[in-house]
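In my numbering, the protein residues as written are 10 to 369.
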C-alpha cells in the first residue's frame with residue numbers, strides 16, 4: 010500500500026540509518042497505521058509498539074499551558090518572576106511565557122543534569138544562569154531543546170496544583186485517547202517484550218542510544234521524555250484539527266488552537282537550527298518559503314502554509330495540515346546524524362505524497 014515509503018525505509022535500513030519506522034496518517038476520514046522493519050535486528054516492529062518521540066511531543070506541554078490560560082489560571086504574557094518563586098530575583102524574572110513558547114527569550118540552553126537532578130534543582134540552575142549576550146527581543150531566536158520546557162512544566166505544576174504527569178494525563182492524554190503514551194518509566198510496561206529502543210549511528214553502525222537511560226527516569230522531561238506508538242501522537246494532532254475534540258472529551262477550545270498556530274515568530278534566523286523557521290506557541294509552522302529543501306524538520310514540499318507540528322531530534326516528525334485535512338506522524342528508531350536525518354525524512358515525506366495520491 011505504501012510502496013514508495015517502504016522503499017525509502019528499506020534504503021535507510023541498508024544504510025544503517027534505522028532498523029524500523031512507524032507511520033500513522035489520517036486523511037479526511039481514512040486512517041492508516043503502518044510499521045516497517047524491526048525493533049532491533051530481529052523482532053518485527055509493530056504499529057502499536059512504543060517509540061521515543063523526543064521533541065516531537067513538545068506541543069503537548071504547550072497545549073497544557075493554553076488549557077490553564079483558558080481556565081484563567083495564567084496568561085502567556087505573565088513572567089517567570091510572577092509565577093515561579095525561584096525566578097523572583099533572577100535575571101530572567103521578566104521573561105514572559107510567550108517567549109518560552111516561541112523560543113525568543115534570552116535564556117540559554119544549560120546542562121541541568123536531568124534525570125539525576127530534581128525539578129527544584131533544575132529550576133535553580135536555570136534561574137542562576139547567565140542570559141545570552143546581545144540578545145534582541147525583536148530579532149533574535151534560538152530553539153532550546155530542554156531548559157525552557159522544564160520551566161513550562163513547572164508552571165503547569167505551580168498553577169494547576171497537580172503534578173505535571175497527572176495534569177497532562179487527565180487534561181490531554183485521557184480525553185484524546187492516547188492510551189499508550191507515557192512521559193516517565195512505567196513499571197506496568199517495563200517487562201513488555203517490545204520495550205522502547207532507540208539507536209544512534211556511530212561510525213556507520215547503529216548502537217543503542219545513551220538517551221535510552223533517560224527513558225528509565227521517574228521524573229519527566231516536558232520537552233523530550235514522551236514515548237508511545239505513532240498512532241497516539243497522530244490522535245493528538247487529529248484533536249487539534251478537530252476543534253480540540255478528543256475521542257473521549259473536549260481538550261481545548263478552537264480559539265486557543267487558533268492562538269497556538271498564529272505566526273508569533275516570523276522571519277527570524279534560529280541560532281540553534283541555523284535557518285529561518287517560523288513558530289507558533291510551542292509548534293513549528295510551515296517554513297517552506299525560506300527554502301523547502303533546506304528548512305530543518307519541515308513537513309514536506311506539498312504541505313499547506315497552515316501546517317503546524319514539531320520534529321523529534323533526528324528521529325521524528327509530527328504535524329497537522331488543516332487545509333489538506335491530514336495528520337502525519339513518522340517515527341524512526343535510529344538517529345543517524347542531522348544531515349542524514351533531514352535527507353531521509355524529506356525522502357520519506359516525498360514518498361508518502363506519492364503513495365497517498367495513488368490511494369485517492
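Note that the Cβ used here is the ideal one computed from N, Cα and C, for glycine as well.
Reference residue 237, options 57, 75, 52 and 14, closest by Cα = 57
Can you grab the Cα-Cα spacing for the pair residue 253 / residue 86, in whole Å?
-> 22 Å
Supposed contact pair residue 339 and residue 357 - C-beta distance, whole angstroms, cut 8 Å = 6 Å
For residue 224, which residues from the same chain have a beta carbon less than 6 Å from its beta carbon, with the 5 sequence-adjacent residues on both sides left out?
-> 205
Which stretch, first to last residue, makes up the beta strand (DSSP E) that contains residue 46?
-> 39 to 46
C-alpha distance - residue 255 paired with residue 265, whole-angstrom precision = 15 Å
Cβ shell of residue 198 (< 6 Å), same chain only, five flanking positions each side left out = Interpretation of residue 198 is limited by its pLDDT of 48, a score under 50 that renders its predicted location unreliable; the figure taken from the coordinates is listed afterwards. Here the set comprises nothing.
Residue 267 burial status per 10 Å Cβ neighbour count (16 or more: buried) | exposed
Do residue 245 and residue 286 have their C-beta atoms closer together than 7 Å?
-> no
From the DSSP output, read off the bridge partner residues of residue 325.
-> 321 and 340
Whose C-beta lies closer than 8 Å to the C-beta of residue 25 among residues of the same chain, with five residues either side of it excluded?
-> 210, 213, 214, 215, 343 and 345
Within the chosen definition, does the segment 119 to 128 reach the segment 104 to 111 through at least 3 CB pairs nearer than 8 Å?
-> no
Over the uninterrupted beta strand (DSSP E) stretch that includes residue 210, give me the two end residues.
-> 208 to 211
Nearest candidate by alpha-carbon position, reference residue 292, set 249, 318 and 329 = 318
Excluding the five sequence neighbours on either side, which residues of its own chain have a C-beta within less than 7 Å of the C-beta of residue 218, listed in chain order?
-> 207, 208, 209 and 344
Strand pairing of residue 216, partner residues [DSSP] | 209
Starting from residue 169, follow the alpha helix (DSSP H) in both directions and report where the run begins and ends.
-> 156 to 169
Per-residue DSSP class, three states only, for residue 94 = helix
Reference residue 76; option with closest CA among 112, 347, 194 and 176 = 176
C-alpha gap between residue 181 and residue 158, whole angstroms | 17 Å
Measuring CA to CA, which of 121, 72 and 329 is closest to residue 411?
-> With the chain represented from 10 up to 369, any question about residue 411 goes unanswered, as that position is not in the structure.
If we ignore side chains and look at the alpha-carbon of each, how far apart do residue 152 and residue 272 end up?
-> 16 Å
Consult DSSP for residue 408 and reduce its assignment to one of helix, strand or coil.
-> Because the chain is modelled from 10 through 369, residue 408 falls outside the range shown and cannot be assessed.
Please report how far the alpha carbon of residue 274 lies from the alpha carbon of residue 50, in whole angstroms.
-> 42 Å
Top-ranked residue by Cα proximity to residue 28, from 16, 48 and 67 | 48
Closer than 6 Å: is that where the CB of residue 273 sits relative to any heavy atom of the ligand ADP?
-> Although the ligand ADP was asked about, the structure shown includes no ligands whatsoever.
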